[in-house]
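A.B. asks:
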Amino acid sequence: MDGLNALLVKIGRGVGGVVGTLYQAGRDTIDTIIRNILPFMAFISFIIGLVLVTGVGDWIAQGIKGLAGNIVGLLIVSVVCAIPVLSPLLGPGAVIAQVVGTLLGVEIGRGNIPPQMALPALFAINPQVGCDFIPVGLALGEAEPETVEVGVPAVLFSRLITGPLSVVIAYVASFGMYS
Amino acid sequence: MNIFLAADTVAEPEGVWGAIAGGAEYFIGIFNQGGEVFFGLMGGILPTLVVLLTAVNALIRIIGPEKIEALGVKAAQPGLQWYPVRYMLLPFLAVFFLTNPMAYTMGRFLPERMKPAFYDSAVSYVHPITGLFPHANPGELFVYLGIAAGITELGLGLGDLALRYLLVGLVVIFIRGIVTEWITARMLAKKGAAA
Numbered sequence: 001m002d003g004l005n006a007l008l009v010k011i012g013r014g015v016g017g018v019v020g021t022l023y024q025a026g027r028d029t030i031d032t033i034i035r036n037i038l039p040f041m042a043f044i045s046f047i048i049g050l051v052l053v054t055g056v057g058d059w060i061a062q063g064i065k066g067l068a069g070n071i072v073g074l075l076i077v078s079v080v081c082a083i084p085v086l087s088p089l090l091g092p093g094a095v096i097a098q099v100v101g102t103l104l105g106v107e108i109g110r111g112n113i114p115p116q117m118a119l120p121a122l123f124a125i126n127p128q129v130g131c132d133f134i135p136v137g138l139a140l141g142e143a144e145p146e147t148v149e150v151g152v153p154a155v156l157f158s159r160l161i162t163g164p165l166s167v168v169i170a171y172v173a174s175f176g177m178y179s
Numbered sequence: 180m181n182i183f184l185a186a187d188t189v190a191e192p193e194g195v196w197g198a199i200a201g202g203a204e205y206f207i208g209i210f211n212q213g214g215e216v217f218f219g220l221m222g223g224i225l226p227t228l229v230v231l232l233t234a235v236n237a238l239i240r241i242i243g244p245e246k247i248e249a250l251g252v253k254a255a256q257p258g259l260q261w262y263p264v265r266y267m268l269l270p271f272l273a274v275f276f277l278t279n280p281m282a283y284t285m286g287r288f289l290p291e292r293m294k295p296a297f298y299d300s301a302v303s304y305v306h307p308i309t310g311l312f313p314h315a316n317p318g319e320l321f322v323y324l325g326i327a328a329g330i331t332e333l334g335l336g337l338g339d340l341a342l343r344y345l346l347v348g349l350v351v352i353f354i355r356g357i358v359t360e361w362i363t364a365r366m367l368a369k370k371g372a373a374a
């Protein structure tokens with residue numbers, strides 16, 4: 001009898017643990033959706049609505065087409081985003097990258113930018129990723145103050161090289177996609 | 180519905196009032212369009228996202244993110260063969276299991292001279308990973324989703340783009356890690372010489 005009891009308790013615990021984990025995962029998910037995802041969707045929806053209905057879209061299309069429709073333009077975008085003074089300003093929350101990504105998406109959907117440019121564009125609009133966060137990120141990795149002092153410029157300068165390079169790699173990797 | 184249909188048979192307002200009314204319609208039109216886009220996102224992406232996020236969150240809880248710490252210790256070793264571990268495998272697993280921004284805490288297992296490079300490598304992966312694993316960075320999905328929306332609009336599949344973004348991202352963070360480690364080493368040497 002004792003053995004059966006112990007078994008039942010064991011099964012109960014195991015099932016309870018798994019269900020509890022799944023339930024907690026669901027709770028985390030809904031929390032993330034409400035806190036992080038829905039607010040940005042609302043913001044993005046407004047921007048897309050504005051771009052589609054007003055003439056702003058066509059105006060932006062003219063500017064973007066020249067830059068995002070070919071590899072040279074994308075390289076220029078990536079170099080600008082990687083400039084060490086600009087990159088920390090463009091970084092926070094990836095808001096700029098997300099808005100530009102959305103605008104590019106609208107233009108791809110309208111046929112103004114060829115779809116195979118999507119991959120290099122993803123890298124061209126994002127060489128500044130995390131440039132605003134370097135001291136905090138290094139602190140999370142328990143770096144010494146001396147490391148932070150060297151690390152901030154090291155990352156910023158590295159982006160000047162690796163930013164445009166990533167666009168070239170992505171461009172080569174995009175051959176054969178959507179064509 | 181009938182009210183709106185009836186409106187078609189009534190003469191349009193003219194003059195100044197007509198212009199204002201037209202302006203009002205245009206104004207509302209922007210938000211109607213935006214609302215339609217919002218509804219499309221809610222109906223299209225969100226349900227999948229909820230289920231995917233739940234599944235991956237549960238998986239991470241069951242596996243236990245602390246398991247990758249052993250890899251962090253190993254990645255700190257010198258030698259060429261540890262470069263791909265340090266700047267590809269470790270950032271990938273850190274971003275997947277610990278997500279943004281806790282992924283950067285894995286840097287604590289590395290020596291000081293490698294920390295900036297690891298941060299650079301890890302932070303550069305928080306967007307490429309979102310194509311397939313959005314749980315890693317749910318607050319910044321639209322870098323990928325924004326552009327992906329255009330591809331969907333054209334009626335093309337997203338698998339190709341998501342996978343290539345993921346793989347090219349790995350190559351890019353590997354290069355970024357090497358370049359940044361090299362620059363950091365040079366700057367440390369210069370600083371050491373000056374002091």
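Taken in sequence, the protein lines are chains A and B.
Residue numbering for the first sequence follows this note's numbering, beginning at 1 and increasing consecutively.
Residue numbering for the second sequence follows this note's numbering, beginning at 180 and increasing consecutively.
Cβ coordinates follow ideal geometry from the N, Cα and C atoms, glycine included.
For residue 18 of chain A, count neighbouring C-beta atoms within 10 Å of its own C-beta (all shown protein chains included) and say buried if the count is 16 or more, exposed if not.
C.D. replies: Answer is exposed; the Cβ neighbour count stays below 16.
A.B. asks: Looking at the secondary structure, which residues open and close the alpha helix (DSSP H) in which residue 126 of chain A lies?
C.D. replies: It is not in any alpha helix (DSSP H) - residue 126 of chain A carries neither H nor E in the DSSP assignment.
A.B. asks: Using a C-beta to C-beta distance shorter than 7 Å, which residues of chain A count as neighbours of residue 233 of chain B?
C.D. replies: The answer, in chain order, is 25, 26, 29.
A.B. asks: For residue 298 of chain B, which three-state DSSP category applies?
C.D. replies: Helix, per DSSP.
A.B. asks: At a CB-CB cut-off below 8 Å, which residues of chain B make contact with residue 179 of chain A?
C.D. replies: Those do not exist, as residue 179 of chain A stays about 10 Å from chain B at its closest Cβ, beyond 8 Å.
A.B. asks: Closer than 9 Å between beta carbons: that is the criterion. Which residues of the stretch 86–106 of chain A meet it against chain B?
C.D. replies: If the cut-off is 9 Å between Cβ atoms, the stretch 86–106 of chain A has 93, 94, 95, 97, 98, 99, 100, 101, 102, 103, 104, 105, 106 near chain B.
A.B. asks: Less than 8 Å between the beta carbons of residue 296 of chain B and residue 266 of chain B, yes or no?
C.D. replies: Yes, Cβ-Cβ distance for residue 296 of chain B and residue 266 of chain B is below 8 Å.
A.B. asks: Flag this pair as yes or no: are the beta carbons of residue 64 of chain A and residue 103 of chain A separated by less than 8 Å?
C.D. replies: Against a cut-off of 8 Å, the Cβ pair of residue 103 of chain A and residue 64 of chain A comes out as a contact.
A.B. asks: Using only the alpha-carbon positions, how far apart do residue 122 of chain A and residue 325 of chain B sit?
C.D. replies: Spanning the two alpha carbons is a distance of roughly 10 Å.
A.B. asks: Evaluate residue 227 of chain B with the Cβ neighbour count: other Cβ atoms within 10 Å of its Cβ, from every protein chain shown; 16 or more gives buried, anything less gives exposed.
C.D. replies: Label assigned to residue 227 of chain B: exposed.
A.B. asks: Could you name the residues of the same chain whose beta carbon sits closer than 7 Å to that of residue 364 of chain B, not counting the 5 residues immediately before and after it, in chain order?
C.D. replies: Here the set comprises 292.
A.B. asks: When you compare the stretch 276–283 of chain B with the stretch 197–212 of chain B, are there three or more beta-carbon pairs, one atom per stretch, that lie closer than 8 Å?
C.D. replies: As far as the Cβ criterion goes, the stretch 276–283 of chain B does not touch the stretch 197–212 of chain B, which means the pair count is below three.
A.B. asks: Does the distance from the C-beta atom of residue 125 of chain A to that of residue 100 of chain A stay below 8 Å?
C.D. replies: Against a cut-off of 8 Å, the Cβ pair of residue 100 of chain A and residue 125 of chain A comes out as a contact.
A.B. asks: Measuring CA to CA, which of B:244, B:257, B:271 is closest to residue 347 of chain B?
C.D. replies: Of the candidates B:244, B:257, B:271, the one whose C-alpha sits nearest the C-alpha of residue 347 of chain B is B:271.
A.B. asks: On the CB-based measure, 16 or more other CB atoms within 10 Å of its CB, does residue 117 of chain A come out buried or exposed?
C.D. replies: Buried, by the Cβ-count rule.
A.B. asks: So which residues on chain B does residue 175 of chain A lean against when the C-beta distance must stay under 7 Å?
C.D. replies: Going along chain B, no residue has its Cβ under 7 Å from residue 175 of chain A, so there is no contact; the nearest lies around 10 Å.
A.B. asks: Would you kindly check if the distance between the Cβ of residue 248 of chain B and the Cβ of residue 276 of chain B is under 8 Å?
C.D. replies: No, the Cβ-Cβ distance between residue 276 of chain B and residue 248 of chain B is not below 8 Å.
A.B. asks: Against chain A, does residue 158 of chain B count as a neighbour if the rule is that its beta carbon must be under 8 Å from one of theirs?
C.D. replies: Outside the shown range of chain B (180 to 374) lies residue 158 of chain B, about which nothing can therefore be said.
A.B. asks: Just the Cα atoms here: how many angstroms apart are residue 314 of chain B and residue 245 of chain B?
C.D. replies: Going from the Cα of residue 314 of chain B to the Cα of residue 245 of chain B covers about 18 Å.
A.B. asks: Compute the Euclidean distance between the alpha carbons of residue 54 of chain A and residue 209 of chain B, then round it to the nearest angstrom.
C.D. replies: Those two C-alpha atoms are separated by around 7 Å.
A.B. asks: Shortest alpha-carbon distance to residue 341 of chain B belongs to which of B:318, B:308, B:319, B:304?
C.D. replies: The shortest Cα separation from residue 341 of chain B among B:318, B:308, B:319, B:304 belongs to B:308.
A.B. asks: Spatial neighbours of residue 232 of chain B within its chain, please: CB distance less than 8 Å, with the 5 preceding and 5 following residues excluded, ordered by chain position.
C.D. replies: Excluding residues within five positions, the ones whose Cβ falls inside 8 Å are 313, 314, 317.
A.B. asks: Using a C-beta to C-beta distance shorter than 7 Å, which residues of chain B count as neighbours of residue 34 of chain A?
C.D. replies: Those within 7 Å of residue 34 of chain A in chain B number zero; the least Cβ separation is about 11 Å.
A.B. asks: Suppose you measure from the CA of residue 258 of chain B to the CA of residue 352 of chain B; what does that come to, to the nearest Å?
C.D. replies: Their Cα atoms are separated by approximately 18 Å.
A.B. asks: For the stretch 118–145 of chain A, list every residue whose C-beta sits within 8 Å of some C-beta in chain B, in sequence order.
C.D. replies: Here the close residues are 118, 119, 121, 122, 123, 125, 126, 129, 130, 133, 134, 136, 137, 138, 140, 141, 142, 143, 144.
A.B. asks: Measuring alpha carbon to alpha carbon, tell me which residue in A:16, A:15, A:39, A:127 is nearest residue 167 of chain A.
C.D. replies: Checked all of A:16, A:15, A:39, A:127; the closest Cα to residue 167 of chain A is A:127.
A.B. asks: Excluding five sequence neighbours on each side, which residues of the same chain lie with their C-beta closer than 8 Å to the C-beta of residue 357 of chain B?
C.D. replies: Answer for residue 357 of chain B: 262, 266, 296, listed in chain order.
A.B. asks: Could you list the residues in the stretch 36–54 of chain A with a C-beta less than 7 Å from some C-beta on chain B, going in chain order?
C.D. replies: Listed in sequence order: 36, 37, 40, 41, 42, 44, 45, 46, 48, 49, 50, 52, 53, 54.
A.B. asks: Looking at residue 273 of chain B and residue 301 of chain B, is the spacing between their C-beta atoms short of 8 Å?
C.D. replies: The answer is yes: Cβ separation under 8 Å.
A.B. asks: Taking a cut of 7 Å between CB atoms, which residues from the stretch 74–86 of chain A lie near chain B?
C.D. replies: Answer in chain order: no residues at all.
A.B. asks: Just verifying my parser: in three-state terms, what is the DSSP assignment at residue 305 of chain B?
C.D. replies: Residue 305 of chain B: coil per DSSP, three-state reduction.
A.B. asks: Since residue 100 of chain A is in the alpha helix (DSSP H), which residue starts that stretch and which ends it?
C.D. replies: That run of the alpha helix (DSSP H) goes 95–110.
A.B. asks: What would DSSP say about residue 85 of chain A, mapped onto helix, strand or coil?
C.D. replies: Residue state, collapsed to three classes: coil.
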